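Colleague:
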């Protein structure tokens, strides 16, 4: 079978993320390993998952552990990866078979780069605004330019994620409410991911990744910038760097996924936003959404049933 493993971004904000791992010894051992290298107890009842200093580390670790648990079941099949924002970093770490210690270093450094704006401009407040509106890409670009905001991600047609300072985003939201049929909400990410506000960080992530011996992609990764499969680690490292300050074309990735005709898509979550985006593009895809399960045993059983 040809299988796509889909890694999501950092928008999930529920406290009890790791409850899924309860009762599975292997999952708990991996979780303990991540807790040790991160000096953060991932089993605590109140995870700092909404704190931009920790959210990437927590969600990235969750998805890596899930993939490591599933990996033996998938060994006989051809795998591709795709990742949404932070998810592409998780996909890269899984594809290069990074250790928990290396994964922690990479996720922490990316967090450092992305939170650098908060330290550089402590009086500024940032966020991402999700907008579903009856506007064209050209129109939304003009609106963003008028209010000094930027398109961070194109999710699907007429659904955009826009980054900028909080006052500018509120002005944009007001104009949208006055002139367009729309639904908008702030994502409480507190960072303007994938916008030119990070252009000063250009090259830093690539430079950081270079000496870490993450030299081989064992599974190709679909790039939302190049819109093709990436097979070389050095190329993917450059793209991960570029994505810090570049719009993510997730709508086109959804179309590519349809074109590749995967036998099975595994949405590693957390949450089911990736599944929802894909279903809006093509509701006939075979998707296994892991966030719908309450235990690792249930996930394993479902995966084996799909593979049999």
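Numbering (UniProt numbering), first residue to last: 1 to 308. Positions of the beta carbon are idealized from the N, C-alpha and C atoms, including for glycine. Keep in mind that this is a model prediction, so the values were computed, not measured.
Is it right to say residue 203 is buried, meaning 16 or more other beta carbons lie within 10 angstroms of its own, or is it exposed?
Modeller: Numbered from its first residue, the chain shown carries residue 203 at position 203. Classification for residue 203: exposed.
Colleague: Does the Cβ-Cβ distance between residue 128 and residue 161 come in under 8 Å?
Modeller: Along the chain shown, one-based indexing puts residue 128 at 128. Along the chain shown, one-based indexing puts residue 161 at 161. Yes, the Cβ-Cβ distance between residue 128 and residue 161 is below 8 Å.
Colleague: On the criterion of 16 or more Cβ atoms from any shown chain inside 10 Å, does residue 18 qualify as buried, or is it exposed?
Modeller: Locating residue 18 in the chain shown gives position 18, counting from the first residue. When all chains shown are included, residue 18 counts as buried.
Colleague: On the criterion of 16 or more Cβ atoms from any shown chain inside 10 Å, does residue 78 qualify as buried, or is it exposed?
Modeller: Stepping through the chain shown from its first residue, residue 78 is reached at position 78. Exposed is the call here.
Colleague: Between which residues of its own chain and residue 182 is the CB-CB distance below 8 Å, once the five residues before and five after are set aside?
Modeller: On the chain shown, residue 182 is found 182 positions in, with the first residue counted as 1. Counting only Cβ-Cβ distances below 8 Å, and skipping sequence neighbours, we find 131, 132, 133, 134, 135 and 176.
Colleague: When the Cα of residue 269 is compared with those of 27, 3 and 67, which residue comes out closest?
Modeller: Locating residue 269 in the chain shown gives position 269, counting from the first residue. Looking at the Cα atoms, 67 is the closest of the given residues.
Colleague: Are there 16 or more other CB atoms within 10 angstroms of the CB of residue 76, so buried, or fewer, so exposed?
Modeller: Here residue 76 refers to the residue found at position 76 of the chain shown. When all chains shown are included, residue 76 counts as exposed.
Colleague: Would you kindly report the start and end of the unbroken beta strand (DSSP E) that includes residue 23?
Modeller: Residue numbering aside, residue 23 sits at position 23 when the chain shown is read from its first letter. That residue, residue 23, is in no beta strand (DSSP E); it is neither H nor E in DSSP.
Colleague: So what does residue 89 bridge to, in DSSP terms?
Modeller: In the chain shown, residue 89 corresponds to position 89, counting from 1. According to DSSP, residue 89 bridges with nothing at all.
Colleague: Between residue 27 and the rest of its own chain, which residues show a CB-CB distance below 7 Å, the 5 nearest in sequence each way excluded?
Modeller: Indexing the chain shown from 1 puts residue 27 at position 27. Only 21, 65, 69 and 296 meet the Cβ criterion.
Colleague: Can you have a look at residue 344 and say buried or exposed, based on whether 16 or more other CB atoms are within 10 angstroms of its CB?
Modeller: Absent from the structure is residue 344, since the part of the chain shown begins at 1 and ends at 308.
Colleague: Express the C-alpha separation of residue 293 and residue 249 in angstroms, rounding to a whole number.
Modeller: Locating residue 249 in the chain shown gives position 249, counting from the first residue. Locating residue 293 in the chain shown gives position 293, counting from the first residue. The alpha-carbon atoms of residue 249 and residue 293 are separated by roughly 29 Å.
Colleague: What would DSSP say about residue 181, mapped onto helix, strand or coil?
Modeller: Position 181 of the chain shown holds residue 181. Residue 181: coil per DSSP, three-state reduction.
Colleague: Can you give the beta carbon distance from residue 109 to residue 208, rounded, assuming they're within the 8 Å contact cut?
Modeller: On the chain shown, position 109 is the one that residue 109 refers to. On the chain shown, position 208 is the one that residue 208 refers to. Confirmed, about 5 Å.
Colleague: In three-state DSSP terms, what is residue 129?
Modeller: As a first step, residue 129 must be located in the chain shown, where it is residue number 129. Three-state DSSP puts residue 129 in a strand.
Colleague: Measuring straight from C-alpha to C-alpha, what distance separates residue 219 and residue 5?
Modeller: Residue numbering aside, residue 219 sits at position 219 when the chain shown is read from its first letter. Residue numbering aside, residue 5 sits at position 5 when the chain shown is read from its first letter. Roughly 10 Å separates the two Cα atoms.
Colleague: Do the CB positions of residue 238 and residue 195 come within less than 8 Å of each other?
Modeller: One-based indexing of the chain shown puts residue 238 at position 238. One-based indexing of the chain shown puts residue 195 at position 195. No, the Cβ-Cβ distance between residue 238 and residue 195 is not below 8 Å.
Colleague: Does the count of Cβ pairs from the region 241–248 and the region 211–231 closer than 8 Å reach three?
Modeller: Yes, they touch.
Colleague: Quick one: what does DSSP say residue 77 is sitting in, helix, strand or coil?
Modeller: By 1-based counting over the chain shown, the position of residue 77 is 77. Looking at residue 77 - three-state DSSP - the assignment turns out to be coil, as it is neither helix nor strand.
Colleague: For the beta strand (DSSP E) that residue 306 lies in, which residues bound it at each end?
Modeller: Taking the chain shown and counting its residues from 1, one reaches residue 306 at position 306. Premise fails: residue 306 lies in the alpha helix (DSSP H), 296–307, not in any beta strand (DSSP E).
Colleague: My output table needs one value for residue 246: the three-state DSSP class, helix, strand or coil.
Modeller: The residue you call residue 246 lines up with position 246 of the chain shown. Note: residue 246 maps to coil in three-state DSSP.
Colleague: Is the beta carbon of residue 168 less than 8 Å from the beta carbon of residue 149?
Modeller: Here the question's residue 168 lines up with position 168 in the chain shown. Here the question's residue 149 lines up with position 149 in the chain shown. A contact, by the Cβ cut-off of 8 Å.
Colleague: Mapping DSSP to helix, strand and coil, what is residue 135?
Modeller: Counted from its first residue, the chain shown places residue 135 at position 135. Of the three classes helix, strand and coil, the one that applies to residue 135 here is coil, per DSSP.
Colleague: Helix, strand or coil: how does DSSP classify residue 168 here?
Modeller: Here the question's residue 168 lines up with position 168 in the chain shown. Note: residue 168 maps to helix in three-state DSSP.
Colleague: What is the DSSP secondary structure of residue 241, reduced to helix, strand or coil?
Modeller: Position 241 of the chain shown, counted from the start, is the residue given in the question as residue 241. Three-state DSSP puts residue 241 in a helix.
Colleague: The beta strand (DSSP E) that contains residue 155, what's its start and end?
Modeller: Along the chain shown, read from residue 1 onward, the residue named residue 155 stands at position 155. First-last of the beta strand (DSSP E) with residue 155: 150–156.
Colleague: May I ask you to report which of helix, strand or coil DSSP gives residue 253?
Modeller: On the chain shown, position 253 is the one that residue 253 refers to. Looking at residue 253 - three-state DSSP - the assignment turns out to be helix.
Colleague: Please classify residue 234 as buried or exposed, where buried requires at least 16 other C-beta atoms within 10 Å of its C-beta.
Modeller: As a first step, residue 234 is located in the chain shown; it is residue number 234 there, counting from the start. Counting Cβ neighbours within 10 Å, residue 234 comes out exposed, since fewer than 16 surround it.
Colleague: If you draw a straight line from the alpha carbon of residue 171 to that of residue 307, how long is it in whole angstroms?
Modeller: Along the chain shown, read from residue 1 onward, the residue named residue 171 stands at position 171. Along the chain shown, read from residue 1 onward, the residue named residue 307 stands at position 307. When rounded, the distance between both Cα atoms is 50 Å.
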